[in-house]
RNA sequence: GACCCCUUCGUCUAGCUGGCCUAGGACACGGCCCUUUCAAGGCCGCGACACGGGUUCGAAUCCCGUAGGGGUCGCCA
């Protein structure tokens with residue numbers, strides 16, 4: 372029986388579901404699929420001052436939206452629970468007692484004021500700010516208000532392996548006597564992650580690079596407990612365009628934002644997979660399954676990628692174009708109020724016209740607004756092609772109107788042919804006619820394919836809009852104002 | 001500042017067991033084609049091995065140094 376390889380991602384419940392969380396989760400998920408074992412989602416909620424119960428569901432829900440299923444998590448349970456660290460405090464306390472008994476940790480009752488003063492002094496002397504060891508040998512009583520600190524060796528160094536890099540060595544002087552248990556009885560990340568990872572059977576850890584410097588503290592804990600070290604893989608940090616660590620101020624970092632702004636989960640996932648990972652065959656578009664298939668931890672890059680929204684938008688367009696009409700209409704109606712209010716069958720007719728024109732699903736309403744209103748407004752200047760008179764233009768539009776009025780039903784091919792004939796008879800370029808017509812029908816310079824749009828709109832509406840345009844040409848000061856709908 | 005990590009086109013990257021690299025692909029950008037607008041699509045173009053030393057017949061690929069960027073230095077994770 373082989374030992375299960377288990378990887379985990381620990382979403383913080385403090386704040387929005389973060390794109391960095393999804394990034395780490397994706398790689399953990401792929402790793403677990405490739406290596407076997409269980410993929411655990413644990414809730415790091417030991418910072419009670421920032422804890423927000425609502426965001427826990429948001430994170431779990433968003434990872435579900437992305438299609439990254441955990442084998443075990445607080446919602447679905449599993450053999451290694453509970454999965455909320457706030458429900459495991461007894462474990463951490465017991466672990467601390469053990470550490471204190473063996474001399475690997477100690478109680479400390481230094482006040483915030485004293486610590487601040489010590490650090491200020493150290494900074495003034497250009498020393499590295501760190502705990503000065505005041506309580507190391509003081510034997511602070513257990514019934515006083517205190518924290519528990521890790522007793523880091525005063526000399527020597529800690530070396531650990533990272534699956535993506537050469538061995539990393541950090542001198543003990545660089546390692547602070549980390550607080551393991553806070554005075555409120557909750558553990559810090561360092562204690563909690565080591566205790567939980569061990570108790571939950573976690574043998575392989577993929578986490579963000581920002582943890583590299585605190586890994587020696589974790590190594591010290593594993594050694595004190597006599598537990599086998601896990602394998603570490605520190606993933607590169609996602610960055611803003613200005614190269615700093617990805618942040619809310621400079622980049623949308625909330626997964627909710629991406630969902631609300633018309634991004635498809637498969638596009639986001641694909642994009643995240645592109646960051647810090649390269650297929651040897653130059654592939655750019657891939658599904659989760661294909662990513663898992665190609666995944667190998669050794670192929671993860673160590674340089675930190677910049678999160679490029681422009682490329683994500685392109686990729687999102689690619690995925691929008693792949694959608695079948697039914698799915699497209701569903702997604703569109705989730706995010707576009709006008710489309711949601713309109714008849715579903717109508718939206719299903721319109722949607723294909725815009726499918727290859729959208730980078731985000733949220734662009735749909737603006738692109739197709741003219742379908743839902745009775746009339747559109749258009750100005751005299753827009754309507755008039757260069758070097759044409761208003762009377763001439765009105766005459767040509769009148770002919771187009773007649774062609775439409777005389778046809779039984781509007782058919783794309785027939786209508787286009789008829790309109791081209793109108794242009795030719797009037798010695799107009801087809802382009803001129805279509806532009807004038809486009810303004811008349813849509814009220815815009817740019818629109819979805821004109822003929823198709825007209826056929827969907829129907830005879831009556833087209834005629835009415837052309838009549839409005841002809842009126843404008845005869846009365847330049849009064850553009851048509853759409854009626855309130 | 002100290003320590004740690006990183007360094008191929010503006011961005012994401014291929015390359016990394018040295019020669020197939022006058023460095024390939026994608027996004028973006030510019031041009032052309034297609035075309036009723038805008039897209040989509042097709043073609044072309046612009047554009048990088050941070051720098052300096054080595055090792056070698058030969059280095060983007062190995063070594064050293066420098067520079068630059070990022071991260072960490074909390075009773076946050």
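In the working numbering, the protein residues as written are 372 to 856.
Beta carbons are placed, not taken as given, at the ideal position from N, Cα and C, and that holds for glycine.
Which class does residue i belong to by DSSP, given the choice of helix, strand or coil?
i	result
residue 759	coil
residue 609	coil
residue 797	coil
residue 458	helix
residue 827	helix
residue 649	coil
residue 495	helix
residue 635	coil
residue 781	coil
residue 600	coil
residue 479	strand
residue 625	strand
residue 411	strand
residue 616	strand
residue 377	coil
When the Cα atoms are used, what is the spatial distance from residue i to residue j?
i	j	result
residue 339	residue 699	The requested residue 339 is not part of the displayed model; the chain covers only 372 to 856.
residue 441	residue 576	15 Å
residue 829	residue 394	48 Å
residue 664	residue 563	32 Å
residue 520	residue 501	12 Å
residue 693	residue 636	13 Å
residue 739	residue 721	8 Å
residue 540	residue 552	26 Å
residue 696	residue 688	15 Å
residue 707	residue 735	7 Å
residue 855	residue 634	Because the pLDDT at residue 855 is just 42, under 50, the model does not fix this residue reliably, and the value given afterwards should be weighed accordingly. Cα-Cα distance, rounded: 32 Å.
residue 533	residue 583	9 Å
residue 669	residue 378	16 Å
residue 599	residue 585	18 Å
residue 801	residue 807	10 Å
residue 750	residue 805	16 Å
residue 401	residue 648	12 Å
residue 549	residue 475	12 Å
residue 373	residue 601	Note that residue 373 scores a pLDDT of 45, beneath 50, so its modelled location is shaky and nothing firm can be said.
residue 483	residue 508	19 Å
Compute the minimum distance between the beta carbon of residue i and the heavy atoms of the ligand FAD, and state whether it is under 7 Å.
i	result
residue 720	The model on display carries no ligand, and the ligand FAD is accordingly not part of it.
Going along the chain, which residues of its own chain have a beta-carbon closer than 8 Å to the beta-carbon of residue i, five neighbours each way excluded?
i	result
residue 511	477, 478, 479, 480 and 517
residue 787	822
residue 742	713, 717, 721, 824, 827 and 828
residue 770	793, 796 and 797
residue 785	778
residue 369	Only positions 372 to 856 of the chain appear in this structure, which leaves residue 369 out of reach.
residue 624	387, 389, 390, 391, 617 and 618
Can you give me the Cβ contacts of residue i inside the same chain, cut-off strictly under 7 Å, excluding the 5 residues immediately before and after it?
i	result
residue 565	589, 592 and 593
residue 527	543
residue 524	543
residue 727	692
residue 837	768, 771, 772 and 811
residue 420	none
residue 630	436
For residue i, which residues from the same chain have a beta carbon less than 6 Å from its beta carbon, with the 5 sequence-adjacent residues on both sides left out?
i	result
residue 493	500
residue 503	489
Alpha helix (DSSP H) segments (min. 4 residues) lying fully within the stretch 680-759: Here the runs fully enclosed are 680-693, 696-706, 708-712, 715-725, 735-743 and 751-754.
Unbroken stretches of the beta strand (DSSP E), 3 residues or longer, contained in the stretch 512-562: Segments of the beta strand (DSSP E) lying fully in the stretch 512-562: 518-521, 528-531, 539-542 and 550-552.
Cβ contact (3+ pairs, closer than 8 Å) linking the stretch 749-764 and the stretch 837-846: At 8 Å Cβ cutoff, the stretches touch.
contact_flag[the stretch 382-389, the stretch 408-418] where n(CB pairs < 8 Å) is 3 or more: Cβ pair count under 8 Å is three or more, so yes.
At least three beta-carbon pairs within less than 8 Å, the stretch 484-492 to the stretch 443-452: By the C-beta criterion, the stretch 484-492 is judged not to be in contact with the stretch 443-452, since fewer than 3 inter-stretch pairs fall below 8 Å.
At least three beta-carbon pairs within less than 8 Å, the stretch 665-675 to the stretch 602-615: Taking 8 Å as the limit for Cβ pairs, the verdict is that the stretch 602-615 does touch the stretch 665-675.
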